[in-house]
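J.: First the structure, then my questions, so here it is.
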Amino acid sequence: MSIRNSYLYHPLHNLLSWIRWQRRRFEAPSPEFIKRSVLLRNGLRDSTWVETGTYLGETTRHLAKWSPLVYSLEPEPSLFAHAVQRFEKTHNVRILKGTSEAVLPALLPTLSGSINFWLDGHYSAGVTFKGPQDTPVADELNCIAKNLAHFDRVCVLIDDVRLFAGAAREDTGYPPLDYLVTWANENGFRWHVEQDVFVAKR
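Under my numbering, think of the first position of the sequence shown as 897, with each following residue one higher.
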């Protein structure tokens, strides 16, 4: 089986997720295995991944199967501890504690080559981390833009693009969708939206 089809390794779970999605008439958000297929289809092959928001580590585990190195940032203490334990024997995963606003400015200048960014670190209720704003995506994009000269090719994927529709609200940190489009255009990215994911590549 192709590594790019490895999201099919849990067929029963995926089937149940598909059925629930079908009952919602394929309304966003799509099931996680669908989003992971978007990551693998659009991500740059044999490249480093930087993921904001480890959560339970399922996407981290998935990316590590075909990426030489995965950096995953997690600020919530219990989720961080869980991730460290889960990946302690996985040679190509680095779990970093802290918010993306704090970690990325130090991390990105140390990276080179082709890089994939999965920006999924936002507050989603429950145990997920809640900072001053629900999402730091504007800070993340600014940091990526400042470090583009360090990299060869770059792919930026932003989850839950539906949440960027409508007017911006300062208390959430979600800018309007136009912000993402403008950022991509100004930094030389081609972009499209696929399965509630904003995909920008250069």
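Backbone N, C-alpha and C define an ideal beta-carbon position, used for all residues, glycine too. Please read all numbers here as calculations on a predicted model, not as lab measurements.
Do the CB positions of S1008 and R1049 come within less than 7 Å of each other?
T.: Not a contact, by the Cβ cut-off of 7 Å.
J.: Check the DSSP bridge columns for S1093 and list the partner residues they point to.
T.: According to the sequence as given, residue 1093 is Val; it is not Ser. V1093 pairs with E1090.
J.: Hey, out of Q1091, L936, P971, whose CA is closest to R957's CA?
T.: Answer by Cα proximity: L936.
J.: Write down the C-beta distance between P1071 and F1060 rounded to the nearest angstrom, noting that I regard them as a contact closer than 8 Å.
T.: Right, their Cβ atoms sit about 7 Å apart.
J.: Going along the chain, which residues of its own chain have a beta-carbon closer than 6 Å to the beta-carbon of L965, five neighbours each way excluded?
T.: So the list reads T944, N988, once near-sequence residues are dropped.
J.: Where do the ends of the alpha helix (DSSP H) carrying D1035 lie?
T.: Where D1035 is concerned, the enclosing alpha helix (DSSP H) stretches over 1033–1042.
J.: I need the straight-line Cα distance from H978 to D1056, nearest angstrom please.
T.: Approximately 24 Å between the Cα atoms of the pair.
J.: My understanding is that F929 touches G953, with C-beta atoms under 8 Å, so please give their C-beta distance in whole angstroms.
T.: So it is not a contact: roughly 15 Å between Cβ atoms.
J.: Between T955 and L992, what straight-line distance do the alpha-carbon atoms span, to the nearest angstrom?
T.: Distance between the alpha carbons of T955 and L992: 15 Å.
J.: Give the straight-line distance between the Cα atoms of A1034 and L975, rounded to the nearest whole angstrom.
T.: Between A1034 and L975, the C-alpha separation is close to 23 Å.
J.: Determine the DSSP secondary structure at L969, reduced to helix, strand or coil.
T.: Correct three-state label for L969: strand.
J.: Quick check on D1074: does DSSP put it in helix, strand or coil?
T.: In this structure, D1074 counts as helix in the three-state DSSP scheme.
J.: Taking the DSSP output, what are the residues bridged to T944?
T.: Partner(s): I1011.
J.: How many angstroms separate the CA atom of A1002 from the CA atom of D1074?
T.: Computed Cα separation, rounded: 28 Å.
J.: Would you call the CB atoms of G949 and D1016 closer than 7 Å?
T.: Yes; because the gap between Cβ atoms is below 7 Å, this pair is in contact.
J.: Look at F1013 and V1052 and say whether their C-beta atoms are less than 7 Å apart.
T.: Result yes, Cβ atoms of F1013 and V1052 sit closer than 7 Å.
J.: Among E970, H1088, Y967, W1079, which one has its Cα closest to the Cα of I1040?
T.: Closest option to I1040, Cα to Cα, is W1079.
J.: Quick check: the Cα distance between G994 and R919, rounded to an integer number of angstroms?
T.: Each residue's Cα considered, the two are about 38 Å apart.
J.: What's the C-alpha gap between V999 and E1090?
T.: If I take the Cα positions, the gap works out to 28 Å.
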